[in-house]
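Visitor:
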Amino acid sequence: MNLLSTETSPYLLQHAHNPVQWYPWGEAALAKA
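No gaps in the numbering here: position 3 of the sequence shown is 7 in this note's numbering, and each next residue is one more.
#1: With respect to 6 Å, is the separation between the Cβ of tryptophan 26 and the closest non-hydrogen atom of the ligand SAH below this value?
#2: Taking the alpha-carbon positions, what's the histidine 19 to glutamate 31 distance?
#3: Do tyrosine 27 and alanine 33 count as a contact pair if the criterion is CB distance below 7 Å?
#4: Between glycine 9 and valine 24, what straight-line distance do the alpha-carbon atoms span, to the nearest angstrom?
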């Protein structure tokens, strides 16, 4: 599971169980980049 599991967007939620460590847009994503 990745950080998309707490999102409300149906598009993002469909990728919540992908084996990729996805980040929603925000400070955490920018800090990781």
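Glycine included, each C-beta is placed from N, C-alpha and C at the ideal position.
Guide: With the structure as the only source:
#1: Only the bare structure without any ligand can be found here, which leaves the ligand SAH out of the picture.
#2: In a straight line, the C-alpha of histidine 19 is about 20 Å away from that of glutamate 31.
#3: Contact flag set, yes.
#4: It is serine, not glycine, that sits at residue 9 in the sequence shown. Between serine 9 and valine 24, the C-alpha separation is close to 12 Å.
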